Amino acid sequence: MMTRPYGRFHYLPRALAAAGDQVLQVYLGFPKHEPVTDEIDGVRRVALRMTPASFPALLGQLDRIAADFAPDWVAGLSDSWCGVLAQRVASRAAARTWLDAYDNFEAYMPWNLPLHWLWHRACARADLVTAAGPQLAALLQAHRRSGAVAAVVPMAADPAFGARPRQESRARLGLPPAAPLLGYVGSWTTTRGSHLMLDAFRAIRQQRPDACLVLSGHPPEAVTSEPGVISVGYIDDELLPVLISALDVAAVVTAETRFGSYSYPAKLYEAMACGVPVVATATGPVRFILGEDSAALTPVGDAQAFAARVLAYLERPARDYPLPSSWEEQGRLLRELLMQKAG
Numbered sequence: 007m008m009t010r011p012y013g014r015f016h017y018l019p020r021a022l023a024a025a026g027d028q029v030l031q032v033y034l035g036f037p038k039h040e041p042v043t044d045e046i047d048g049v050r051r052v053a054l055r056m057t058p059a060s061f062p063a064l065l066g067q068l069d070r071i072a073a074d075f076a077p078d079w080v081a082g083l084s085d086s087w088c089g090v091l092a093q094r095v096a097s098r099a100a101a102r103t104w105l106d107a108y109d110n111f112e113a114y115m116p117w118n119l120p121l122h123w124l125w126h127r128a129c130a131r132a133d134l135v136t137a138a139g140p141q142l143a144a145l146l147q148a149h150r151r152s153g154a155v156a157a158v159v160p161m162a163a164d165p166a167f168g169a170r171p172r173q174e175s176r177a178r179l180g181l182p183p184a185a186p187l188l189g190y191v192g193s194w195t196t197t198r199g200s201h202l203m204l205d206a207f208r209a210i211r212q213q214r215p216d217a218c219l220v221l222s223g224h225p226p227e228a229v230t231s232e233p234g235v236i237s238v239g240y241i242d243d244e245l246l247p248v249l250i251s252a253l254d255v256a257a258v259v260t261a262e263t264r265f266g267s268y269s270y271p272a273k274l275y276e277a278m279a280c281g282v283p284v285v286a287t288a289t290g291p292v293r294f295i296l297g298e299d300s301a302a303l304t305p306v307g308d309a310q311a312f313a314a315r316v317l318a319y320l321e322r323p324a325r326d327y328p329l330p331s332s333w334e335e336q337g338r339l340l341r342e343l344l345m346q347k348a349g
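Per our numbering, the sequence shown starts with residue 7, numbered consecutively.
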């Protein structure tokens, strides 16, 4: 994240800095690198090692950084450990705590019950808890003290994502210039219900044999060997908006799992920002993003319905969703929440 600024971890702190707040961001990880200190977009940044062996020393480093900076708020972003550590640092620095979640962190390591308990306790004690959408906020609300509300600060697409000429985008990536292109950008996992994508594509090819399915990342060989599938592999960040802009339809597939029921896909926001028609499975978070009555929604797990909606958009392209908000707007919302809590 430090070398590739992205998403709410970068743009929400940057929005606070742009409003005149002093922001110091501490990154935990980097076990193979020397500690780093720099500044970007008005945000001071420090990277610290986080390994089992260095953990006691890390706690001391965090306390010293907080003592020098004297924060009004300590924020925990990105995962459970960051939330737990933020609560500890805030309590020792006499600061308020803001915790933020973009996914159900407990779905990552369901076996790690001690960490989940610490996360629940941190949520209960935090002055402000925010989530990427109402379903996740409701999940976190169960761990809040009576009367303390988990607020919603939605996701947004990064500024790099915007519409580009389709034919130029295809030429740049070496994609077929005339074929109908359906694209799936993201991890191919059971927690996201990715298998539906292949069943839907086979149904699409029965009606449109010229259609192609464009995949990024590293999907299974059984998928990439399917007729009509084009795998572009891992591509540079700067090419992701180009890839999305090359598509006729962007596919967003999620599932009603412990992960998917609380997942607000960044790729959905990015496709919306690029102005590409979207077909998406109607989990609660996706309905929140697109709107409950969006024609882009299809029933979860229904490959035939998904294929039918894609075919309809190939015949008559449509963008059945509202305009996405920006990180600047979400930053203003967050700052209002912080100021309200500060009194």
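Note that CB positions come from ideal geometry on N, CA and C, so glycine has one too.
All of these numbers come straight from a predicted model, not from anything done at the bench.
Rounded straight-line distance, which links the Cα of residue j to that of residue i
{"i": "D106", "j": "G89", "result": "8 Å"}
{"i": "P19", "j": "V29", "result": "7 Å"}
{"i": "A301", "j": "Y319", "result": "10 Å"}
{"i": "G266", "j": "F15", "result": "20 Å"}
{"i": "N110", "j": "W125", "result": "11 Å"}
{"i": "T287", "j": "H149", "result": "29 Å"}
{"i": "M345", "j": "S152", "result": "21 Å"}
{"i": "L245", "j": "T57", "result": "33 Å"}
{"i": "L253", "j": "G189", "result": "6 Å"}
{"i": "R170", "j": "L249", "result": "10 Å"}
{"i": "L83", "j": "V32", "result": "10 Å"}
{"i": "R208", "j": "A144", "result": "37 Å"}
{"i": "A348", "j": "A73", "result": "20 Å"}
{"i": "A23", "j": "Q147", "result": "28 Å"}
{"i": "I236", "j": "D216", "result": "12 Å"}
{"i": "T304", "j": "R102", "result": "42 Å"}
{"i": "L54", "j": "G180", "result": "41 Å"}
{"i": "T80", "j": "V159", "result": "For clarity, residue 80 is Val in the given sequence; the question names Thr instead. Distance between the alpha carbons of V80 and V159 is about 17 Å."}
{"i": "E227", "j": "E262", "result": "25 Å"}
{"i": "M161", "j": "Y270", "result": "7 Å"}
{"i": "T136", "j": "F61", "result": "27 Å"}
{"i": "A100", "j": "R264", "result": "35 Å"}
{"i": "L187", "j": "V284", "result": "12 Å"}
{"i": "D243", "j": "V191", "result": "12 Å"}
{"i": "G139", "j": "Y108", "result": "8 Å"}
{"i": "A96", "j": "M115", "result": "25 Å"}
{"i": "R315", "j": "V155", "result": "38 Å"}
{"i": "D85", "j": "L91", "result": "10 Å"}
{"i": "G13", "j": "A163", "result": "7 Å"}
{"i": "P233", "j": "S222", "result": "16 Å"}
{"i": "G290", "j": "Y268", "result": "8 Å"}
{"i": "A63", "j": "R98", "result": "16 Å"}
{"i": "A157", "j": "P323", "result": "35 Å"}
{"i": "Q93", "j": "L134", "result": "11 Å"}
{"i": "G25", "j": "R341", "result": "First, the residue type needs correcting, since residue 25 is Ala and not Gly in the sequence shown. When rounded, the distance between both Cα atoms is 9 Å."}
One or two residues paired with residue i in a DSSP bridge
{"i": "E350", "result": "Since the displayed the chain opens at 7 and closes at 349, residue 350 lies outside it and no answer follows."}
{"i": "D27", "result": "D27 is not bridged to any residue."}
{"i": "V235", "result": "L219"}
{"i": "A107", "result": "A137"}
{"i": "A1", "result": "With the chain covering 7 to 349 only, the question about residue 1 has no answer from this structure."}
{"i": "A209", "result": "Note: A209 sits in no beta bridge, so no partner."}
{"i": "A277", "result": "According to DSSP, A277 bridges with nothing at all."}
{"i": "L34", "result": "L54"}
{"i": "V80", "result": "T103"}
{"i": "A157", "result": "T136"}
Candidates the options, of which the one nearest residue i by Cα
{"i": "A177", "options": "Y270, A130 and S251", "result": "S251"}
{"i": "F312", "options": "V238, A156 and M203", "result": "M203"}
{"i": "G281", "options": "A53, R264, P247 and L134", "result": "P247"}
{"i": "D27", "options": "Y33, V42, V220 and V49", "result": "V49"}
{"i": "L142", "options": "Y327, A113, A132 and G168", "result": "A113"}
{"i": "G168", "options": "R98, G66, R264 and A279", "result": "A279"}
{"i": "I71", "options": "L187, V52 and T289", "result": "V52"}
{"i": "S193", "options": "Y240, P77 and Q93", "result": "Y240"}
{"i": "G199", "options": "T260, R315, A132 and F75", "result": "T260"}
{"i": "P225", "options": "A163, T195 and R102", "result": "T195"}
{"i": "A59", "options": "G35, S175, A163 and T43", "result": "G35"}
{"i": "R338", "options": "V155, P323, A96 and Y17", "result": "Y17"}
{"i": "V238", "options": "P182, V284, T289 and Y268", "result": "P182"}
{"i": "D299", "options": "A314, A92, R315 and Y327", "result": "Y327"}
{"i": "V220", "options": "A256, D205 and E321", "result": "A256"}
{"i": "R172", "options": "A185, A132 and A163", "result": "A185"}
{"i": "E87", "options": "A76, P77, L65 and D78", "result": "Note that residue 87 corresponds to Trp in the displayed sequence, not to Glu. Selected option, being the one with the closest Cα: L65."}
{"i": "I46", "options": "R10, A76 and P323", "result": "R10"}
{"i": "F258", "options": "H201, C129, V229 and S231", "result": "A small correction: the amino acid at residue 258 is Val; Phe does not occupy that position in the sequence shown. Comparing Cα positions, the closest option is H201."}
Proximity test, residue i beta-carbon vs the ligand NAP heavy atom, cut-off 8 Å
{"i": "A206", "result": "Among the components modelled here there is no ligand, and therefore nothing to report on the ligand NAP."}
Any C-beta of chain B under 9 Å from that of residue i
{"i": "L119", "result": "No chain B is part of this structure, which consists of one protein chain only."}
Inside the stretch 296-340 only - beta strand (DSSP E) runs reaching at least 3 residues: The DSSP assignment places no complete beta strand (DSSP E) segment of no fewer than 3 residues inside the stretch 296-340.
Three or more C-beta pairs under 8 Å: does that hold for the stretch 331-348 against the stretch 300-316? Verdict: no, contact absent.
Please determine if the stretch 208-218 and the stretch 290-305 are in contact, where contact requires at least 3 C-beta pairs separated by less than 8 Å. Of all C-beta pairs linking the stretch 208-218 to the stretch 290-305, fewer than three are shorter than 8 Å, placing the two stretches out of contact.
Using 8 Å as the cut-off, can you tell me whether the stretch 272-282 makes contact with the stretch 115-135, which would need three or more C-beta pairs spanning the two stretches below that distance? When Cβ pairs closer than 8 Å are counted between the two stretches, the stretch 272-282 is seen not to touch the stretch 115-135, the count staying below three.
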